[in-house]
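Just below is one structure, and these are the notes that go with it.
2 protein chains.
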Amino acid sequence: MKVITKIAEMQKEADQLRIQEKKISLVPTMGYLHEGHLSLVREARARSDVVVMSIFVNPSQFGPSEDFKDYPRDFNHDVELARSAGCDIIFYPDAQEVYPEPYLTYVEVERLTKVLCGVSRPTHFRGVTTIVAKLFNIVKPQLAVFGQKDAQQAIVIKRMVKDLNYDIEIIVAPIIREKDGLAMSSRNTYLTKAQRIQATVLYQSLMVAKKMIDAGERKATIIKKRMRDLIEQQPDAIVDYIEIVDTTTLESQTALNGEVLIALAVKVGKPRLIDNIIVRVLERTINTESLK
Amino acid sequence: MKVITKIAEMQKEADQLRIQEKKISLVPTMGYLHEGHLSLVREARARSDVVVMSIFVNPSQFGPSEDFKDYPRDFNHDVELARSAGCDIIFYPDAQEVYPEPYLTYVEVERLTKVLCGVSRPTHFRGVTTIVAKLFNIVKPQLAVFGQKDAQQAIVIKRMVKDLNYDIEIIVAPIIREKDGLAMSSRNTYLTKAQRIQATVLYQSLMVAKKMIDAGERKATIIKKRMRDLIEQQPDAIVDYIEIVDTTTLESQTALNGEVLIALAVKVGKPRLIDNIIVRVLERTINTESLK
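One line per chain: the protein sequences are A and B, in this order.
Numbered per this note's numbering, the first sequence spans residues 1 to 292.
Numbered per this note's numbering, the second sequence spans residues 1001 to 1292.
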């Protein structure tokens, strides 16, 4: 496995691989790798010749009062984990080279970035789409893998790729969870022992929502209310949002049908955690079937 | 010479050329070609293996009250001219395929797009950077050629390329002028015979400015005033702006030194015409020399 830190070197490497007709895949990360990231590498590994993982804590996607400085970092450990999962190249650039002063250009996706996480993090997605566009131009992949954990990010990136005609296939890989259901996240390290237990309520509330839908409930307000009540039983949990939205447009749904994304963000002590599930709402519910 | 109209076909062609280690150049145009465009093709021809000219009247760079609908078009004639100048591929996409609904993603360069033409055309450069980013992702060139006629555009594109790490060399080719000095432009066809004569005042005013600087004048206000007075002698000429700015930052200059861009936009009847020159301001002027 190779570590490349210079942008020009990465581009030259990509050009050479392209001439050799190699399929390049990109797994963009902010490092502090866990099993979730490694599952993305394995996904990439299975679908391409050369797997490039970028490790870059991207300042432009953090708000001014967010945890950019505190974000956990452990490059040496990341190298070992990436190697073990089958990564070929780690691209590990310097922030100075990625954002030289004066930096003026941003990629913005409208509408989809104004809802859900976009409400409390108004510049977050602009930072994400900008760094991802840059990484696409540096790594020149035919394929890139993102996690379903960041559901809104995956939808925004897909829209950017389509709109800007990036010739890149986007794969979205399933959420990897701890045994008790908590979605893996580098930010889970911020949790105290007590908060770590409380944090399982995010996934529990999603499971409750799914059960309600499976049992015939179609009113989003009722489901969201039940989720909120459950989460707010935890002393350190502060709900940022609980939403049920269309899986493509991210528009809020009131009477559920088709495929819906149930997404939430909850502050549990220091970290703001996110989680989501996609639920297929059946047209005929168990209840109406039984009435026939 | 080949004409390609489909985005996916152009991308496949580019991939094949890249595998063959061909150097691809891109000349983005809105068609209705004149000698100015052809000079860009010749520049590209001399520096690459395969010259791709895009012809696309890009709706997103026109304001709501601008001339998108009226913009002159003559595809068959363009094909002949492009061929004669040594173009290999014309990429001629359909607006529906370039901007499918809903279209949500834009590339924005801050600051540089707020001055000069950006004042009266606030969404123009966003449209330009977005279509150019798209064309880069579709044509996958190693080199792209733009005209100095659109000086601000060239500076904005260079900044976008640098900021977003597009691995593309940007060449800016000199302005091509009619015999009487008028900068070639597809929009010159809008001019009546009388206005066509009046339109030469743009270049004349730039020459006056250069002469003043060469003679030792260093105050931008005095130079701009003289230019305005000259232009406003023409009955159909309405000045949009006359500016003397830094060639990289586009910041307005008051006491001139180093290299400056003198740029102007003037409505002459229907069309709004632009022109510019770059002047190297010598540190020691003729006047101070003579005082020694």
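C-beta: ideal position from N, C-alpha, C; glycine also.
Just so it is clear, the structure is predicted and the values come from calculations on it, not from any experiment.
- Closest option to residue 20/A, judged by alpha-carbon separation, among 12/A, 210/A, 156/A: 12/A.
- Between residue 1167/B and chain A, the shortest Cβ-Cβ separation is below 8 Å.
- Judged by their CB atoms, residue 1167/B and residue 137/A are nearer to each other than the 8 Å cut-off.
- Beta-bridge pairing by DSSP links residue 58/A to no other residue.
- In the displayed model, residue 2/A falls within a strand according to three-state DSSP.
- Assigned with DSSP and collapsed to three states, residue 1081/B falls in helix.
- Bridge partners of residue 1219/B according to DSSP: 1255/B.
- Residue 1168/B is bridged by DSSP to nothing; it lacks a bridge partner.
- The criterion of a C-beta distance shorter than 8 Å is not satisfied by residue 94/A and residue 29/A.
- Per DSSP, residue 1137/B has no beta-bridge partner at all.
- The beta carbon of residue 244/A is closer than 6 Å to those of 220, 253, 260, 262 in its chain, skipping five residues each way along the sequence.
- Two segments are said to touch when three or more pairs of C-beta atoms, one from each, lie closer than 8 Å; by this definition the segment 200-207 of chain A touches the segment 264-277 of chain A.
- With respect to the 8 Å criterion, residue 1001/B and residue 1055/B are not classified as neighbours on the basis of their beta carbons.
- When CB distances to chain A are screened at a threshold of 7 Å, the residues of the segment 1131-1147 of chain B falling below it are 1133, 1134, 1137, 1138, in chain order.
- Among the residues of chain B, none has a CB under 8 Å from the CB of residue 155/A; the nearest is roughly 11 Å distant.
- Residue state for residue 1086/B is assigned as coil, using DSSP reduced to three classes.
- Residue-level contact by beta carbon fails for residue 1027/B and chain A, as no gap is shorter than 8 Å.
- In the DSSP assignment, residue 38/A falls within the unbroken alpha helix (DSSP H) covering 35-47.
- The CB of residue 90/A never comes closer than 9 Å to any CB in chain B; the least such distance is about 18 Å.
- In the assembly as shown, residue 1003/B is an exposed residue. Its beta-carbon has fewer than 16 other beta-carbons within 10 Å.
- Just so you know, the alpha carbons of residue 1224/B and residue 50/A end up roughly 57 Å apart.
- Inter-residue distance for residue 140/A and residue 126/A is about 20 Å (C-alpha atoms, whole angstroms).
- Cβ-Cβ distances below 7 Å link residue 1241/B to 1116, 1119, 1264, 1265 in the same chain, with the five nearest sequence neighbours on each side left out; the list follows chain order.
- For residue 1047/B, no chain A residue has a C-beta closer than 7 Å to its own C-beta; the minimum C-beta separation is roughly 17 Å.
- The residues 1, in chain order, have a CB closer than 7 Å to that of residue 83/A in the same chain once the five nearest residues on each side in sequence are set aside.
- For the set 71/A, 280/A, 157/A, the Cα lying nearest the Cα of residue 214/A is the one of 280/A.
- If you look at residue 1143/B, you'll find it isn't in any alpha helix (DSSP H); it sits in the beta strand (DSSP E) that goes 1143-1147.
- Interface annotation, residue 246/A: not in contact with chain B, CB-CB separation never under 8 Å.
- Interface annotation for the segment 10-26 of chain A against chain B: 11, 18, 19, 21, criterion Cβ-Cβ distance under 7 Å.
- Taking each of 1015/B, 1035/B, 1159/B in turn and checking the Cα distance to residue 1081/B, the smallest one comes out for 1035/B.
- Taken through DSSP and simplified to helix, strand or coil, residue 1193/B comes out as helix.
- Comparing alpha carbon positions, the residue from 1007/B, 1173/B, 1197/B, 1145/B closest to residue 1099/B is 1007/B.
- Counting other Cβ atoms within 10 Å of its Cβ, residue 1060/B reaches 16 or more and is therefore classed as buried.
- In the DSSP annotation of this structure, residue 1278/B is not part of any alpha helix (DSSP H); the continuous beta strand (DSSP E) holding it starts and ends at 1272-1281.
- Judged by DSSP in its simplified three-state form, residue 1185/B adopts coil rather than helix or strand.
- In this model, residue 1230/B and residue 1070/B are separated by some 30 Å (Cα to Cα).
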